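Protein chains: 2
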Amino acid sequence: MAESEDNTDSVTADDVAAAAGVSRWTVARAFKKDASISRQSRERVIAAAEALGYAPDLMASSLASDRSNLIALITNDFNNPHKLVLLERLTRILWSRGWGTLLVHMSDSEDASAALLAASQRRVDAAVVIGTRFDDKMLETALGARRLKKLVIFARYSQNPNTLAIACDDEIAMRQIADHLLERGYHRPVFLAGPDTQSAKLHRKSTFIEYWRDRTGTIVPSINTSAYDFGPAIERVTALLQDRDAASRPDVLVCENDIIAIGAMDAIRYRMGLRVPQDIAVTGFDDIPLSSSPAYQLTTYRQPITAMAERLLDVLEGKLTGDVALPGQFIARLTT
Amino acid sequence: MAESEDNTDSVTADDVAAAAGVSRWTVARAFKKDASISRQSRERVIAAAEALGYAPDLMASSLASDRSNLIALITNDFNNPHKLVLLERLTRILWSRGWGTLLVHMSDSEDASAALLAASQRRVDAAVVIGTRFDDKMLETALGARRLKKLVIFARYSQNPNTLAIACDDEIAMRQIADHLLERGYHRPVFLAGPDTQSAKLHRKSTFIEYWRDRTGTIVPSINTSAYDFGPAIERVTALLQDRDAASRPDVLVCENDIIAIGAMDAIRYRMGLRVPQDIAVTGFDDIPLSSSPAYQLTTYRQPITAMAERLLDVLEGKLTGDVALPGQFIARLTT
DNA sequence: CACCGACTTGCACGCGCGTGCAACAATAAT
DNA sequence: ATTATTGTTGCACGCGCGTGCAAGTCGGTG
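From first to last, the protein sequence lines are chains B and Z. For the working numbering, count along the first sequence from 1 and bump the result up by 4. For the working numbering, count along the second sequence from 1 and bump the result up by 4.
Printed below as a string of structure tokens:
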């Protein structure tokens, strides 16, 4: 144990090299995974480093190597609790594999280039867009304005060719939900989607509508909320159900995600005074923590976040270069 | 407009200098706020920079200047939706003022030093701890193991002298809640707190209990959940109310925060079949988005997050060096 | 016309580490 | 014992920019 606890100034590889009696480059090798270095040298260096409290400076390392080991996590939609789950899982897995995560807020297209610019100024190795409300134009602009090494779209599809999407397989998911509803005898669904952006690439709505038509021959009507939040969902569903009797009402609301489904349930219960699922059933998507609470018990579909994060690692390490859609898990609770 | 759109390799200050016919240092000055540079030089440089698509490399800048303009946001408790609100507000305000935010997960004390180490390896200018479950020992260890320039505790108190806390003023808040309850005629409260860590420095519980004793002469019992999450709160409250008749029940549950309050409400309603507030009233703390939903309509207290974030900026800019406690806003809804 | 202050610009050096190659030591093959 | 092979180590140079100082410019005054 070294007594130099007064090292307010940081200790560099040179200090460790001097202490261990080797060159600075040998010190660097000791900290590099597959470096060509003898075991005893490495041990001596590590011991010296520990005594001095040395840890490689990642910032200097980045500058020299042109790899920052930093990932920008770009998000806009902070109202959806599911984002918290995604952020948590991603940061934990990325850090555990040596990647740092830079959190970036990007509220609208105006911000977009600023956010990407800021990220690139930090030399991030990749930017991961987590959010449903980025349209492709925005991404294109962002990509054109500032070169990023990689742009990954997480938990959402994208048709931009310069982009790589890692998402839950919405088609499998929505078919499973549809099968479940058909099995339970529902026959008049309405699809409740989020904002109708130019190119929202969640295939949930179209898949559900097409599959339902194939199986029943009927066309499912759909409506949109103005935001991925429960407030607008409440308003929209209230407007939908207002002045309709039991015969003309939908018997199930298929929602694009859980937070909207929860708004729908609140509207059904507290605005209309109806029951879920007896009067109207509801399904969601994401399986946010609240969905399992006794108040909601929402039937939903869980995205395979961990598996998706693993694929993200593959992308970052260059082992994967194509889009990915992974199956998740259907979760039947009490709202259907 | 330059036609060099093929600049896969990044454009540096030297390139801009050449294009503008000045030296590299003049380019740097053009991008520095209060630098000594003539207006025409600056304009020429900015024009050249724009044409070339140049933006200063923050990583290299950090290395040279020993200021990274990076803040580590350290969190452990991702179950509480309030964290999302805090993260969103902080990142937005920090980025708008030129600070980048590094998101770090720190689940237990084992992680603590690893997280702080990782942060220091990135040369963060400060680490901001956002979370209620970090005990002071953990912080002390972390501080000792790796020197950080600044350690700020956000939305929580701390008595560690090497630390700076920015929080909502719990004393004012809890007195206001108590006054409200007394005014409404409640007289048998129970305080529902989170996990009883060694040194949880939320003064909410002690303040409430002391103030209630001062005003009524009675001692408020308190119970703990095993985590800041609604699931454990449901279990704990169910256990509390089980086998008690209306006379021996509390008439109000004062909860340390909203997510626990929501669990309490779920237990009261769905486990016990009782009504809020007719049978038992509930109060929370934080005013998370869900608290305003028709399903809960929770009476709570909103933390002054924006003001707290502004103070954080003061701290980062060295204008503030002492602890801060700011008053928030009491919000009466329908659960009392 | 010389001179002084205020403003503006250029530059040597360093931040801490990576890369690629050359030199060297330790072992195996002939 | 000599050479080929593998393993290990040292080093010059550069990553892109900031700091502090010295040199340069300009306009105005006596």
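We treat Cβ as the ideally placed atom computed from N, Cα and C, and that holds for glycine. Being a predicted model, the structure only gives us computed values, none of them experimental.
TODO: Measuring only between beta-carbons, confirm whether residue 20 of chain B sits less than 8 Å from chain Z.
DONE: Along the first sequence, read from residue 1 onward, the residue named residue 20 of chain B stands at position 16. No, because no Cβ of chain Z sits closer than 8 Å to the Cβ of residue 20 of chain B.
Open item on the list: Could you check whether residue 27 of chain Z and residue 21 of chain Z sit closer than 8 Å to each other, using their CB atoms as the reference points?
Closed with: Start at 1 with the first residue of the second sequence, and residue 21 of chain Z comes out as number 17. Start at 1 with the first residue of the second sequence, and residue 27 of chain Z comes out as number 23. Yes.
Open item on the list: For residue 94 of chain B and residue 79 of chain B, which I take to be in contact (beta-carbon distance under 8 Å), what is that distance rounded to the nearest angstrom?
Closed with: In the first sequence, the residue the question calls residue 94 of chain B occupies position 90. In the first sequence, the residue the question calls residue 79 of chain B occupies position 75. Incorrect: roughly 10 Å between the Cβ atoms, too far for contact.
Open item on the list: Tell me the rounded alpha-carbon separation between residue 209 of chain B and residue 111 of chain Z.
Closed with: Reading the first sequence from its first residue, position 205 is the one you call residue 209 of chain B. Reading the second sequence from its first residue, position 107 is the one you call residue 111 of chain Z. Taking the straight line joining both Cα atoms gives about 37 Å.
Task: Three-pair Cβ contact test at 8 Å for the region 219 to 237 of chain B versus the region 262 to 271 of chain B - done: yes
Open item on the list: Could you check whether residue 76 of chain B and residue 108 of chain B sit closer than 8 Å to each other, using their CB atoms as the reference points?
Closed with: For the purposes of this step, residue 108 of chain B is taken as residue 104 along the first sequence, with counting starting at 1. For the purposes of this step, residue 76 of chain B is taken as residue 72 along the first sequence, with counting starting at 1. Yes; because the gap between Cβ atoms is below 8 Å, this pair is in contact.
Task: Beta-carbon proximity check, residue 286 of chain Z vs residue 257 of chain Z, cutoff 8 Å - done: Counting from one through the second sequence, the residue named residue 286 of chain Z turns up at place 282. Counting from one through the second sequence, the residue named residue 257 of chain Z turns up at place 253. Going by C-beta atoms, residue 286 of chain Z is nearer than 8 Å to residue 257 of chain Z.
Task: Partners in chain B for residue 62 of chain Z, counting only beta-carbon separations shorter than 7 Å - done: Position 58 of the second sequence, counting from 1, holds the residue named residue 62 of chain Z. By Cβ distance, chain B contributes 125, 126.
Task: Spatial neighbours of residue 275 of chain B in its chain, beta-carbon cut-off 6 Å, leaving aside the 5 residues before and after - done: Here the question's residue 275 of chain B lines up with position 271 in the first sequence. Contacts found: 242.
Open item on the list: With distance defined between alpha-carbon atoms, name the residue in Z:179, Z:87, Z:156 nearest to residue 305 of chain Z.
Closed with: One-based indexing of the second sequence puts residue 305 of chain Z at position 301. Residue 305 of chain Z has its Cα closest to that of Z:179, out of Z:179, Z:87, Z:156.
Open item on the list: Under 8 Å, with one C-beta from each stretch per pair, do the region 166 to 180 of chain B and the region 323 to 340 of chain B reach the 3-pair mark?
Closed with: yes
Open item on the list: Determine whether the beta carbon atoms of residue 193 of chain B and residue 281 of chain B lie at a separation below 8 Å.
Closed with: Numbered from 1 along the first sequence, position 189 holds the residue referred to as residue 193 of chain B. Numbered from 1 along the first sequence, position 277 holds the residue referred to as residue 281 of chain B. Their beta carbons are not under 8 Å apart, which means residue 193 of chain B does not touch residue 281 of chain B by this criterion.
Task: Residues of its chain near residue 87 of chain B, where Cβ-Cβ distance is below 8 Å and the 5 sequence neighbours each way are ignored - done: Start at 1 with the first residue of the first sequence, and residue 87 of chain B comes out as number 83. Only 79, 81, 134, 135 meet the Cβ criterion.
Open item on the list: For residue 97 of chain Z and residue 290 of chain Z, what's the separation of their Cα atoms in angstroms?
Closed with: On the second sequence, residue 97 of chain Z is found 93 positions in, with the first residue counted as 1. On the second sequence, residue 290 of chain Z is found 286 positions in, with the first residue counted as 1. Their backbone Cα atoms lie some 19 Å apart in a straight line.
TODO: Give the residues of chain Z in contact with residue 270 of chain B, contact being defined as C-beta atoms less than 7 Å apart.
DONE: Working through the first sequence from its first residue, we reach residue 270 of chain B at position 266. Result: 297, 298, 299.
Open item on the list: Would you say residue 49 of chain B lies against chain Z (beta-carbon separation less than 8 Å)?
Closed with: Walking along the first sequence from the start, residue 49 of chain B turns up at place 45. No, residue 49 of chain B lies away from the interface with chain Z (no Cβ there is under 8 Å from its Cβ).
Open item on the list: By the 9 Å beta-carbon criterion, what residues does the region 272 to 290 of chain Z contribute toward chain B?
Closed with: 273, 274, 275
Open item on the list: In this structure, how does DSSP classify residue 134 of chain B when only helix, strand and coil are distinguished?
Closed with: Locating residue 134 of chain B in the first sequence gives position 130, counting from the first residue. Strand, per DSSP.
Task: residue 65 of chain B in three-state terms, based on DSSP - done: Locating residue 65 of chain B in the first sequence gives position 61, where the first residue counts as 1. Helix, per DSSP.
- [ ] Could you check what DSSP says for residue 333 of chain B in three-state terms: helix, strand or coil?
- [x] The residue you call residue 333 of chain B lines up with position 329 of the first sequence. DSSP places residue 333 of chain B in strand when its eight states are reduced to three.
TODO: Leaving out five residues on either side along the sequence, give the residues of the same chain with a beta carbon under 6 Å from the beta carbon of residue 40 of chain B.
DONE: Within the first sequence, the letter at position 36 stands for residue 40 of chain B. The answer is none, since no qualifying residue turns up.
Task: For residue 159 of chain B, the nearest candidate out of B:226, B:165, B:115, B:174 (CA to CA) - done: As a working mapping, residue 159 of chain B is identified with position 155 in the first sequence. Among B:226, B:165, B:115, B:174, the Cα nearest to that of residue 159 of chain B is on B:174.
TODO: Give me the Cα-Cα distance between residue 54 of chain Z and residue 38 of chain Z, rounded to the nearest whole angstrom.
DONE: Your numbering for residue 54 of chain Z matches position 50 in the second sequence. Your numbering for residue 38 of chain Z matches position 34 in the second sequence. Computed Cα separation, rounded: 20 Å.
Open item on the list: Pop quiz: residue 67 of chain Z and residue 64 of chain B are said to be a contact at Cβ under 8 Å. What is the actual Cβ separation, rounded to whole angstroms?
Closed with: In the second sequence, counting from the first residue as 1, residue 67 of chain Z sits at position 63. In the first sequence, counting from the first residue as 1, residue 64 of chain B sits at position 60. The pair is a contact, with the Cβ atoms about 5 Å apart (cut-off 8 Å).
Task: Whole-angstrom distance between residue 272 of chain B and residue 229 of chain B, CA atom to CA atom - done: In the first sequence, residue 229 of chain B corresponds to position 225, counting from 1. In the first sequence, residue 272 of chain B corresponds to position 268, counting from 1. In a straight line, the C-alpha of residue 229 of chain B is about 15 Å away from that of residue 272 of chain B.
TODO: Assign residue 310 of chain Z to buried or exposed, taking buried as 16 or more other Cβ atoms, counted over all protein chains shown, within 10 Å of its Cβ.
DONE: For the purposes of this step, residue 310 of chain Z is taken as residue 306 along the second sequence, with counting starting at 1. The residue in question, residue 310 of chain Z, is exposed, as its Cβ has fewer than 16 Cβ neighbours within 10 Å.
Open item on the list: Residues in the same chain with beta-carbon distance under 8 Å from residue 219 of chain Z, minus the five sequence neighbours each way, listed in chain order, please.
Closed with: Residue numbering aside, residue 219 of chain Z sits at position 215 when the second sequence is read from its first letter. The residues are 182, 186.
- [ ] For residue 96 of chain B, decide whether its Cβ has a neighbour in chain Z, counting only Cβ atoms nearer than 8 Å.
- [x] Locating residue 96 of chain B in the first sequence gives position 92, where the first residue counts as 1. So yes, residue 96 of chain B belongs to the interface.
Open item on the list: If you follow the alpha helix (DSSP H) that residue 15 of chain B is in, where does it begin and where does it stop?
Closed with: Looking up residue 15 of chain B in the first sequence gives position 11. Looking at the DSSP string, residue 15 of chain B is not in any alpha helix (DSSP H), and its letter there is neither H nor E.
TODO: Kindly list, in the order they appear in chain B, the residues whose Cβ is closer than 9 Å to that of residue 230 of chain Z.
DONE: Within the second sequence, numbered from 1, the residue matching residue 230 of chain Z stands at position 226. Going along chain B, no residue has its Cβ under 9 Å from residue 230 of chain Z, so there is no contact; the nearest lies around 16 Å.
TODO: Determine, using beta carbons only, whether residue 161 of chain B and residue 207 of chain B come nearer to each other than 8 Å.
DONE: For this step, residue 161 of chain B is matched to residue 157 along the first sequence. For this step, residue 207 of chain B is matched to residue 203 along the first sequence. Cβ atoms of residue 161 of chain B and residue 207 of chain B: closer than 8 Å.
- [ ] Could you check the C-alpha separation between residue 240 of chain B and residue 197 of chain B for me, to the nearest Å?
- [x] By 1-based counting over the first sequence, the position of residue 240 of chain B is 236. By 1-based counting over the first sequence, the position of residue 197 of chain B is 193. The straight-line gap from Cα to Cα measures roughly 10 Å.
Open item on the list: Which residues does DSSP list as the beta-bridge partners of residue 27 of chain Z?
Closed with: Looking up residue 27 of chain Z in the second sequence gives position 23. Answer is none; residue 27 of chain Z lacks a bridge partner.
Open item on the list: For chain B, check one thing: does any of its Cβ atoms lie closer than 8 Å to the Cβ of residue 59 of chain Z?
Closed with: Counting from 1 along the second sequence, the entry for residue 59 of chain Z is found at position 55. So, interface residue.
- [ ] With a 10 Å radius around its C-beta and 16 neighbouring C-beta atoms as the bar for buried, classify residue 91 of chain Z as buried or exposed.
- [x] Locating residue 91 of chain Z in the second sequence gives position 87, where the first residue counts as 1. Result: buried.
- [ ] Please classify residue 9 of chain B: is it buried, with 16 or more other beta-carbons within 10 angstroms of its beta-carbon, or exposed?
- [x] Reading the first sequence from its first residue, position 5 is the one you call residue 9 of chain B. Low per-residue confidence applies at residue 9 of chain B: pLDDT is 38, beneath 50, and the placement is therefore not dependable, though the value from the model is reported in the following sentence. So residue 9 of chain B ends up on the exposed side.
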